[in-house]
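For reference, the structure is listed below as structure tokens.
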Amino acid sequence: MAATKPLIKKGIFALVLVVIAVTFYYLTIWAVPYYVQNKFAEKSLGYVNTPRFGEQPNAENSRVIPLPNPDFLYSTINYDLKENVLKISGIVPDSTYWSISAYQENTTNYFVENEEKVKAKFEYYLAPEGSTAEVLKNIPKEKIIYSPTTKGLILFRYLVSKAYPVKTLAELQHGVTVEKLSN
11 MAATKPLIKK
21 GIFALVLVVI
31 AVTFYYLTIW
41 AVPYYVQNKF
51 AEKSLGYVNT
61 PRFGEQPNAE
71 NSRVIPLPNP
81 DFLYSTINYD
91 LKENVLKISG
101 IVPDSTYWSI
111 SAYQENTTNY
121 FVENEEKVKA
131 KFEYYLAPEG
141 STAEVLKNIP
151 KEKIIYSPTT
161 KGLILFRYLV
171 SKAYPVKTLA
181 ELQHGVTVEK
191 LSN
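Position in the sequence shown counted from 1, then plus 10, gives you the working numbering.
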């Protein structure tokens, strides 16, 4: 009987250790994405619902976008949909890769389109999920992006190529507009 007491203590200790490890693991998986998005949002203070345009990444310039690829130009829109539906529009380059991606507050991607599906010009309406805003009544459903969270990030990627040198792509990149429409 005396020999089983240390085994029981060791078993309870091991069980407590496993519960702590599993709890820490799931807490980390849940918390880290929010932390990353909040850090990015802090860098974008004053730029909510406004496009930001990154230069072609290189070793010397500061990184507006985390872990940039030097073959791309990036643009972002940190959005907050509490008061507005956003109309996002611009021009799609015709001979190089282009994409628009939407991320919710915890960095989960919920929308992606690229130049294969979107030709010439794009126009999207970003609204909170379940929105019944009057401005959306006559908009085709394929042009409405419903965000699962009121805050998040829109990311644009433009591939620099022979057909589109940096200067030409930068002009298209800076042509992206965001219009705030009443909710």
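Glycine included, each C-beta is placed from N, C-alpha and C at the ideal position.
8 Å Cβ shell around residue i - same chain, five flanking residues per side excluded
i	result
Asp90	Val58, Asn59, Thr160 and Lys161
Glu125	Val102, Pro103, Asp104, Thr106, Tyr107, Trp108 and Ser109
Ser72	A caution first: Ser72 carries a pLDDT of 49, below 50, which makes its placement in the model unreliable, though a value can still be read off. Answer for Ser72: no residue qualifies.
Whether residue i touches residue j by CB criterion (8 Å)
i	j	result
Ser195	Gln183	Here the chain covers residues 11 to 193 and nothing more, so residue 195 does not appear.
Ile154	Leu163	no
Pro138	Ser157	yes
Lys97	Tyr35	no
Gln47	Glu144	no
Endpoints, the alpha helix (DSSP H) within which residue i is located
i	result
Val122	Unbroken run through Val122 is the beta strand (DSSP E), Asn119 to Asn124; no alpha helix (DSSP H).
Ala180	Val176 to Gln183
Reference residue i, options the options, closest by Cα
i	options	result
Thr142	Val95, Thr33, Lys127 and Tyr44	Val95
Ile87	Arg62, Glu93 and Pro80	Arg62
Asn119	Glu52, Glu125 and Ser109	Ser109
Tyr168	Glu123, Val188 and Tyr135	Glu123
Thr117	Ile39, Glu144, Lys151 and Val32	Ile39
Lys190	Ser99, Leu27 and Tyr36	Ser99
Lys151	Leu165, Glu133 and Phe166	Glu133
Phe121	Tyr113, Val128 and Lys127	Tyr113
Any C-beta of chain D under 8 Å from that of residue i
i	result
Ala180	Absent from the structure: chain D. Only one protein chain is present.
Where residue i sits in the DSSP three-state scheme
i	result
Phe23	helix
Glu189	strand
Glu52	helix
Lys147	coil
Ile30	helix
Range of the contiguous beta strand (DSSP E) that encloses residue i
i	result
Ser105	Where Ser105 is concerned, there is no enclosing beta strand (DSSP E), given that its DSSP letter is neither H nor E.
Asp90	Phe82 to Asp90
Ala137	Lys131 to Pro138
Tyr168	Lys161 to Leu169
Ser157	Ile154 to Ser157
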